[in-house]
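To keep things clear, I will list the structure first and then write my remarks on it.
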Amino acid sequence: MSDTSWHSPDYPELRSGPPWVMQEMIARQPELAPAILDATGPAAEVAALVRETVAIRLPVTVCGCGTSEHGALAVAALIATALPSDERWLVCARPALSALLEPAPGLCLAVSHDGGTRATLLALEAARREGARTAAITARPDAAVAGAAELVVPTPALDRSGCHTVAYVSAVLAGTAVAAALRLPGVASGAARRLLADALAAPGYERTATALARSRTVLTAGAGVDHVTARELALKIAEGARIPTVALELETAMHGQLVAHDGGDALVLVALSEHGRDRVARRA
4 MSDTSWHSPD
14 YPELRSGPPW
24 VMQEMIARQP
34 ELAPAILDAT
44 GPAAEVAALV
54 RETVAIRLPV
64 TVCGCGTSEH
74 GALAVAALIA
84 TALPSDERWL
94 VCARPALSAL
104 LEPAPGLCLA
114 VSHDGGTRAT
124 LLALEAARRE
134 GARTAAITAR
144 PDAAVAGAAE
154 LVVPTPALDR
164 SGCHTVAYVS
174 AVLAGTAVAA
184 ALRLPGVASG
194 AARRLLADAL
204 AAPGYERTAT
214 ALARSRTVLT
224 AGAGVDHVTA
234 RELALKIAEG
244 ARIPTVALEL
254 ETAMHGQLVA
264 HDGGDALVLV
274 ALSEHGRDRV
284 ARRA
C-alpha cells in the first residue's frame with residue numbers, strides 16, 4: 004500500500020484508516036435514486052429500442068464484467084419483468100466475454116461503470132457487426148464503451164472505491180428507469196430513496212460483519228433475483244474483507260456443496276424477493 008508509483012490516475016483512492024472510501028460511497032446511494040429515476044429521457048430511448056427489438060422477436064442481450072455483470076443480471080431481470088410474459092424469454096444477461104464470443108443480433112445493452120472494460124467494449128463492437136443496435140449504462144459517457152454505443156444512459160456518480168457499490172446500485176437504478184419506461188408499475192424515485200436510506204439505517208450490520216469476519220469461507224446463496232444479490236454480496240466480501248467467498252444458487256447449495264464446509268465457515272441466505280423467501284422457507 005505504501006508504494007503507489009505504479010498506480011494510474013484512475014486507481015481507487017487508498018486510505019490507511021476510516022472513514023473508508025467505500026463507506027462514503029455507500030452513504031451516497033440514497034441520493035442516486037431520484038438522480039437516475041427522474042432523468043427519464045435516455046432510459047425511455049433505450050426502452051423504445053427494447054420494444055422494437057422484441058417486437059421482431061430478436062434478443063435483448065445485457066452484458067458486463069465483474070460488478071457490472073451483476074448489474075447486467077439485475078437490469079435484464081427488470082426489463083424482462085416489465086415485458087409481457089410471452090416476450091420475456093427474449094431478454095438475457097451474459098458475461099461480456101460470452102457476448103463477445105457469441106454475438107447476437109437484436110439489442111446489446113452494455114453495463115460498464117468506468118466505461119473502459121475491454122471485454123465489454125469488444126462485445127458491443129461484435130454485436131454491432133452482427134447488426135445489433137447498441138446501448139450502454141455508464142458513469143463515464145466520455146469513455147470508450149459509451150463511444151461504441153448508439154444510446155447511453157449516464158449515471159451521475161463515479162465510484163471512487165475499489166469495491167464498486169455505487170456502481171452496482173447505479174446500474175440497478177438505471178435498469179429500473181428503463182423498466183419504468185416499459186410501464187413496470189410501482190416505480191417512484193422517492194420510495195426508492197427511502198428504501199435505500201432505510202436499508203443503510205437498519206441495525207445489526209456490525210454484529211453480522213463481526214461474526215462473518217471470523218469465517219474461513221463465506222458462502223452466499225439465493226434463488227432467482229436473490230441469486231444476483233448473493234453474487235454481488237460475495238464479490239464485495241471478497242474484495243473488501245479479503246475473505247474467500249462462494250456464491251451459489253439456492254438449490255445448488257443443497258446438492259453437495261456444503262459437505263466440504265464446517266463450523267469455521269459461514270452461509271448467508273439472501274431472501275428478499277417473495278419467490279426467494281418461499282424457496283428458503285421450503286428448504287429451511
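Heads up, the sequence shown stops at 287 in my numbering, and the numbers go up one at a time, no gaps.
Don't be surprised by glycine CBs; every beta carbon is placed ideally from N, CA and C.
Given the structure is predicted, the values throughout are model-derived calculations rather than measurements.
Problem set entry | Same chain only: Cβ atoms within 6 Å of residue 118, ignoring 5 sequence neighbours per side | 141, 143, 146, 148 and 149
Exercise. Considering only residues of the same chain and omitting the five flanking positions on each side of residue 57, which have a CB-CB separation below 6 Å?
Worked result: 90 and 93
For this session: Look at the Cβ atom of residue 79, then the Cβ atom of residue 65, and state whether they are nearer than 7 Å.
Result: yes
Problem set entry | Inter-residue spacing [alpha-carbon to alpha-carbon] between residue 272 and residue 128 | 38 Å
Problem set entry | Close Cβ partners of residue 280 (< 7 Å) along its chain, the five nearest in sequence each way excluded | 274
Problem set entry | residue 75 vs residue 69 beta-carbon contact at 7 Å | no
Problem set entry | Contact the stretch 196-209 vs the stretch 98-105: 3+ CB pairs below 8 Å | no
Exercise. Which residues in the same chain have their Cβ closer than 7 Å to the Cβ of residue 115, if we skip the five residues on either side of it in sequence?
Worked result: 67, 71, 123, 139, 141 and 148
For this session: Look up residue 90 in the DSSP assignment and say whether it is helix, strand or coil.
Result: coil
For this session: Say whether the stretch 222-239 touches the stretch 187-195, bearing in mind that this needs 3 or more beta-carbon pairs closer than 8 Å, one atom from each stretch.
Result: no
Problem set entry | Straight-line gap, residue 112 to residue 155 (C-alpha atoms, nearest Å) | 9 Å
Exercise. Is the distance from the Cβ of residue 109 to the Cβ of residue 33 below 7 Å?
Worked result: no
Exercise. Who are the Cβ neighbours of residue 182 in its own chain at under 6 Å, not counting the five residues just before and after it?
Worked result: 81, 82 and 85
For this session: Output the distance between the C-alpha atoms of residue 240 and residue 26, rounded to the nearest integer angstrom.
Result: 14 Å
Problem set entry | Beta-bridge partners of residue 136, as assigned by DSSP | 110
Exercise. Residue 179: which of 49, 209 and 205 sits nearest, CA to CA?
Worked result: 49
Problem set entry | Opposing strand residues paired with residue 219 [DSSP bridges] | According to DSSP, residue 219 bridges with nothing at all.
Exercise. Residue 176: buried (16+ other C-beta within 10 angstroms of its C-beta) or exposed?
Worked result: buried
Exercise. Which value, in whole angstroms, describes the spacing of the CA atoms of residue 51 and residue 217?
Worked result: 49 Å
Exercise. Expressed to the nearest angstrom, what Euclidean distance is found between the alpha-carbon atoms of residue 37 and residue 163?
Worked result: 20 Å
Exercise. Taking just the CA atoms, how far does residue 253 sit from residue 259?
Worked result: 12 Å
Problem set entry | CA-to-CA distance, residue 134 to residue 166, given in whole angstroms | 35 Å
Exercise. Around the Cβ of residue 205, are there at least 16 other Cβ atoms within 10 angstroms (buried) or fewer (exposed)?
Worked result: exposed
Problem set entry | Cross-strand partners of residue 51 (DSSP beta bridge) | According to DSSP, which records beta bridges pairwise, residue 51 is partnered with nothing at all.
For this session: Indicate whether residue 213 and residue 247 have their beta-carbon atoms separated by less than 7 Å.
Result: no
Problem set entry | Whole-angstrom distance between residue 6 and residue 95, CA atom to CA atom | 42 Å
Problem set entry | Closest residue to residue 44 among 157, 24 and 126 (Cα-Cα distance) | 157
Problem set entry | Inter-residue CB distance, residue 265 and residue 222 (contact presumed, cutoff 8 Å) | With 8 Å as the limit, residue 265 and residue 222 do not qualify as a contact, their Cβ atoms being about 12 Å apart.
Problem set entry | Cβ separation of residue 73 and residue 208, assumed to be a contact under 8 Å, to the nearest whole Å | Incorrect: roughly 20 Å between the Cβ atoms, too far for contact.
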